[in-house]
Amino acid sequence: MNRLAALSQQYGQSPWLDNLKRSYLTSGELAAIRDRGVRGLTSNPSIFQKAIQGSPDYDEQFRVLAADEHPVIDDYWAMVLADIHGACDVFSRVYDESDALDGYVSVEVDPGLAHDGPGTETAARQLHERLRRRNLMVKIPATLEGLPPIQRMIAEGRSINVTLIFSLERYQAVIDAYIEGIEELAGDPSADLTRVASVASFFISRVDVEVDRQLEAIGTAEALALRGKAAVAQGQLAYEQFTEAFGGSRWKPLALRGARVQRPLWASTGTKNPEYSDVLYVDSLIGPHTVNTLPEPTLEAFADHGVLARTVDAEIDDAHEIWNGLANVGVDMDAVSDKLEREGVDAFAKSFDELLEALEAKAAELRAG
């Protein structure tokens with residue numbers, strides 16, 4: 015059984031790969047992954063730090079780049095965008111075969127701009143203009159400052175991956191920004207709404223890590239019984255929001271113009287607690303009009319023993335009960351989401367900064383030697 019292909023063919027969920035490195039492209043491995051049923055790819059600053067610092071695959075390109083007196087950040091983007099171009103080539107076929115539903119490759123703006131709305135808008139526009147790939151999605155963090163740039167980019171007809179969503183409240187704001195952007199774009203009678211795509215990336219496993227820590231500190235039987243349940247419940251409640259927003263009267267005229275729904279994307283779906291199933295965050299969130307972006311170990315685990323069933327809305331009453339139970343035992347999910355957003359932004363910025371520092375040192379060695 016090809017579970018990866020069955021996800022999209024039978025259940026309407028698109029499996030994407032949450033990784034990118036140069037060897038994927040030079041070896042043909044990414045094309046092989048695509049041919050197994052993977053329908054897109056996401057990247058982030060931490061992924062590129064691991065790829066560039068963790069192998070010699072970029073040394074030859076960097077040696078040429080470092081010979082010039084450009085700032086090292088320009089060298090970073092040259093290496094990253096070469097990989098993005100290559101991945102766009104690989105998934106271009108999926109883009110065509112799916113009529114622009116899938117086949118996207120995501121690259122994130124400088125994570126240091128997460129709380130700089132105007133800077134994010136400029137950076138996102140520049141990435142789109144520099145790459146000029148029809149199957150590119152630029153990633154913008156779902157911070158409060160990121161919401162206006164998200165709307166602006168959608169209104170300009172650009173495809174956006176909204177990343178680092180940790181709360182239902184913020185997710186609603188992301189939905190609103192997307193719909194408002196589409197409404198603005200639709201004000202132009204000649205605009206082609208069918209070629210604007212977006213996903214809203216809900217980070218899953220990190221929620222359980224933080225909530226479980228709090229539940230164990232509370233220590234009551236009621237609290238301990240909720241371990242390992244918060245992340246999936248929140249994802250299922252987010253899907254309920256999605257179906258309500260894109261099934262309502264406001265969306266209908268946009269759909270008639272060919273506008274595409276902004277699909278929920280389940281991110282951070284690698285299981286971090288070894289006591290839980292290694293496919294927990296895939297098996298539990300399967301349903302139509304969704305994406306799950308999988309790190310390699312999770313992709314291989316699901317391909318081997320994942321369970322195919324529509325689960326994302328199968329037990330919505332239970333999800334509401336779990337959500338209420340978390341509040342009843344004293345878990346403040348608003349505080350959880352705020353903490354996780356700060357940590358997520360900081361982690362990507364740290365990876366970005368550390369990689370630039372390493373490249374600076376490497377360039378100095380090359381010039382000296």
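In my numbering, the protein residues as written are 15 to 383.
Just so you know, even glycine gets a beta-carbon here, dropped at the ideal spot from N, CA and C.
All of these numbers come straight from a predicted model, not from anything done at the bench.
Contact under 8 Å by Cβ, residue i with residue j
i, j, result
"Asp-348", "Ser-181", "yes"
"Ala-101", "Leu-55", "yes"
"Asp-116", "Val-108", "yes"
"Ser-282", "Ser-219", "yes"
"Thr-134", "Gly-160", "yes"
"Ile-61", "Asn-33", "yes"
"Pro-125", "Phe-316", "no"
"Leu-95", "Leu-127", "no"
"Pro-29", "Gly-51", "yes"
"Ser-120", "Asn-149", "no"
"Leu-369", "Gln-23", "no"
"Glu-224", "Lys-353", "yes"
"Asp-327", "Glu-254", "yes"
"Ala-156", "Leu-141", "no"
"Arg-77", "Leu-380", "yes"
"Tyr-118", "Pro-302", "no"
Residues bridged to residue i (per DSSP)
i, result
"Met-151", "Ser-120"
"Ala-214", "Val-176, Pro-278"
"Thr-307", "Trp-30"
"Leu-158", "DSSP output for Leu-158 lists no bridge partner at all."
"Leu-55", "Leu-31, Val-119"
Own chain residues within Cβ distance below 7 Å of residue i, not counting five before or after
i, result
"Tyr-72", "Arg-36, Ile-66, Met-93"
"Phe-256", "Pro-278"
"Leu-79", "Asp-89, Ala-92"
"Ile-330", "Gln-250, Glu-254"
Cβ-Cβ separation, residue j to residue i (assumed contact under 8 Å), whole Å
i, j, result
"Leu-44", "Val-104", "5 Å"
"Ile-154", "Pro-163", "6 Å"
"Leu-240", "Leu-229", "6 Å"
"His-232", "Gly-344", "Just to set this straight, residue 232 is Ile in the shown sequence, not His. Between Gly-344 and Ile-232 the Cβ distance is about 6 Å, and since that is below 8 Å, they are a contact."
"Ala-244", "Asp-222", "6 Å"
Where residue i falls, given that 16 or more other Cβ within 10 Å makes a residue buried
i, result
"Lys-286", "exposed"
"Glu-111", "exposed"
"Pro-278", "buried"
"Ala-205", "buried"
"Pro-59", "buried"
"Glu-122", "buried"
"Thr-40", "exposed"
Same chain, Cβ closer than 6 Å to residue i, five either side skipped, listed in chain order
i, result
"Val-246", "Ser-298"
"Val-213", "Asn-175, Arg-277, Leu-279, Val-305"
"Tyr-290", "Gly-242"
"Arg-147", "Cys-102"
"Asp-226", "Arg-241"
"Gly-195", "Gln-165, Ile-168, Ala-169"
Residues of its chain near residue i, where Cβ-Cβ distance is below 8 Å and the 5 sequence neighbours each way are ignored
i, result
"Arg-139", "Met-167, Glu-170, Arg-172"
"Leu-199", "Ile-168, Ala-169, Glu-170, Gly-171, Ala-205, Leu-207, Val-210"
Residue i Cβ short of 7 Å to the ligand NAD heavy atom set
i, result
"Glu-374", "In the structure on display, the ligand NAD does not appear, and there are no ligands present to speak of."
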